[in-house]
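Below: one structure, written as structure tokens.
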Ligand SMILES: Cc1cc2nc3c(=O)[nH]c(=O)nc-3n(C[C@H](O)[C@H](O)[C@H](O)COP(=O)(O)OP(=O)(O)OC[C@H]3O[C@@H](n4cnc5c(N)ncnc54)[C@H](O)[C@@H]3O)c2cc1C
């Protein structure tokens, strides 16, 4: 298995637990994880350590307090737990940089070593190191975050700000929102986020907007405040390399509309490992026909968002977050809940006005949107 991120480590543990001789190759297996990871609380398996849990809130055109909790993962505890499990189950962790396939059932490392395995898994993140082939300009989620003490007026106690689309940064152009979550240690992460842009909105733009937004709300930033930088594709191609199973962000399990993938990887890993241990085909565990269809529909939703004029984006999220909770959940969760996603899209279409309905439906028949300048006219 290539890639010792959260997805690779979880799958390696699950495979080894089922008696499979498992080797995990990562170019920096001891490097700590520095990202702030979160997910909707009900999507996370109960073994995942949580640092903070708070009621989700969204500001689109109006404010919506959701009936769902958002969980911020205790990343050091998650890592310690998985490392202990890797050791307990005898996973062979190897430092090395995979350069690609070296024949059937074999991968090459940068130092010339060739490693062989009955099953090859690419859990190498969005770079998909075992995938050959070209890729188009990606649609990327980008964000710039600063850590402030709790009690900022933007994120009241007990709440997690999933999205605040008010343009309090004062800039026209590509729409970005504020994401703000408690870290569980007396601090709050505030991130100016571009949900998706092809190519990604530059981080200096996001930093400028975040600082302007926080100044607008009177939030002071201490010199030397911790920073988080986020950049990853949300439309990576399917990993169809013969003889390789893509997992985690490499699959890609990344939700095209939210960028989330961790909870999906944590939930899928046991079933995938069970299939591998039983010698059953593993690909349908990750990509059932329903999961393929749902992914395709969500990619159409992503293209709709990429084409939407800036001024109309908050109104779109207003319609979305007014939908009944089960519709929202089906779209934001449920990788293979095809009926649920179709029902959500139908409800969205009925709740939208004619112009928004056109914007949601037209990407199904149009080529991928690829030009940021077009969006700036909005
Ligand atoms: C700052 C940030 C915050 C994020 N927040 C969230 C969040 O809150 N919730 C969520 O669901 N998602 C989030 N994401 C998106 C996504 O879930 C993460 O990127 C997550 O880390 C994906 O996990 P993974 O294990 O699939 O891949 P990665 O974490 O990217 O792990 C890939 C591993 O493969 C190794 N590797 C890569 N190439 C090679 C190679 N050639 N040879 C050997 N090893 C290699 C890397 O060293 C790395 O350890 C975030 C992303 C970022 C960047």
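Numbering (this note's numbering), first residue to last: 6 to 383.
Note that CB positions come from ideal geometry on N, CA and C, so glycine has one too.
Pairwise C-alpha distance: residue j and residue i
{"i": "residue 13", "j": "residue 228", "result": "36 angstroms"}
{"i": "residue 245", "j": "residue 297", "result": "13 angstroms"}
{"i": "residue 140", "j": "residue 162", "result": "43 angstroms"}
{"i": "residue 376", "j": "residue 41", "result": "Confidence at residue 376 is low in this model, with a pLDDT of 45, below 50, so its placement is unreliable and the value that follows should be read with caution. One C-alpha to the other measures close to 30 angstroms."}
{"i": "residue 383", "j": "residue 321", "result": "Residue confidence for residue 383 is low, a pLDDT of 29 falling below 50, so the modelled location carries little weight; the figure read from the coordinates is stated next. Going by the C-alpha atoms only, they are around 14 angstroms apart."}
{"i": "residue 273", "j": "residue 290", "result": "8 angstroms"}
{"i": "residue 221", "j": "residue 89", "result": "45 angstroms"}
{"i": "residue 196", "j": "residue 186", "result": "9 angstroms"}
{"i": "residue 74", "j": "residue 167", "result": "10 angstroms"}
{"i": "residue 101", "j": "residue 217", "result": "42 angstroms"}
{"i": "residue 66", "j": "residue 278", "result": "44 angstroms"}
{"i": "residue 122", "j": "residue 344", "result": "38 angstroms"}
{"i": "residue 309", "j": "residue 268", "result": "25 angstroms"}
{"i": "residue 381", "j": "residue 178", "result": "Annotation note: pLDDT 43 at residue 381 (below 50); position unreliable, no value reported."}
{"i": "residue 378", "j": "residue 351", "result": "No answer about residue 378 holds up, because its pLDDT of 43 lies below 50 and its placement is not dependable."}
{"i": "residue 19", "j": "residue 275", "result": "6 angstroms"}
{"i": "residue 331", "j": "residue 348", "result": "10 angstroms"}
{"i": "residue 192", "j": "residue 159", "result": "13 angstroms"}
{"i": "residue 44", "j": "residue 15", "result": "16 angstroms"}
{"i": "residue 385", "j": "residue 188", "result": "Outside the shown range of the chain (6 to 383) lies residue 385, about which nothing can therefore be said."}
{"i": "residue 211", "j": "residue 180", "result": "10 angstroms"}
{"i": "residue 280", "j": "residue 175", "result": "52 angstroms"}
{"i": "residue 337", "j": "residue 110", "result": "36 angstroms"}
{"i": "residue 259", "j": "residue 299", "result": "12 angstroms"}
{"i": "residue 149", "j": "residue 201", "result": "14 angstroms"}
{"i": "residue 37", "j": "residue 132", "result": "19 angstroms"}
{"i": "residue 356", "j": "residue 81", "result": "43 angstroms"}
{"i": "residue 172", "j": "residue 339", "result": "31 angstroms"}
{"i": "residue 11", "j": "residue 292", "result": "20 angstroms"}
Residues that DSSP places opposite residue i in a beta bridge
{"i": "residue 185", "result": "166 and 195"}
{"i": "residue 75", "result": "45 and 59"}
{"i": "residue 112", "result": "106 and 120"}
{"i": "residue 69", "result": "63"}
{"i": "residue 146", "result": "237"}
Contact check, residue i vs residue j, beta carbons under 8 angstroms
{"i": "residue 307", "j": "residue 239", "result": "yes"}
{"i": "residue 318", "j": "residue 353", "result": "no"}
{"i": "residue 237", "j": "residue 145", "result": "yes"}
{"i": "residue 64", "j": "residue 170", "result": "yes"}
{"i": "residue 53", "j": "residue 83", "result": "yes"}
{"i": "residue 96", "j": "residue 21", "result": "yes"}
{"i": "residue 153", "j": "residue 232", "result": "no"}
{"i": "residue 358", "j": "residue 295", "result": "no"}
{"i": "residue 208", "j": "residue 263", "result": "no"}
{"i": "residue 58", "j": "residue 46", "result": "yes"}
{"i": "residue 156", "j": "residue 134", "result": "no"}
{"i": "residue 142", "j": "residue 242", "result": "no"}
{"i": "residue 304", "j": "residue 261", "result": "yes"}
{"i": "residue 312", "j": "residue 364", "result": "yes"}
{"i": "residue 25", "j": "residue 283", "result": "no"}
CB-CB length for residue i against residue j, believed under 8 angstroms
{"i": "residue 56", "j": "residue 79", "result": "4 angstroms"}
{"i": "residue 9", "j": "residue 31", "result": "3 angstroms"}
{"i": "residue 271", "j": "residue 91", "result": "Actually they do not touch by this definition, with Cβ atoms about 15 angstroms apart."}
{"i": "residue 287", "j": "residue 127", "result": "12 angstroms between Cβ atoms; not a contact."}
{"i": "residue 328", "j": "residue 230", "result": "Contact doesn't hold; Cβ gap of about 36 angstroms is too wide."}
{"i": "residue 113", "j": "residue 7", "result": "The pair is not a contact, with the Cβ atoms about 11 angstroms apart (cut-off 8 angstroms)."}
{"i": "residue 105", "j": "residue 137", "result": "7 angstroms"}
{"i": "residue 69", "j": "residue 326", "result": "4 angstroms"}
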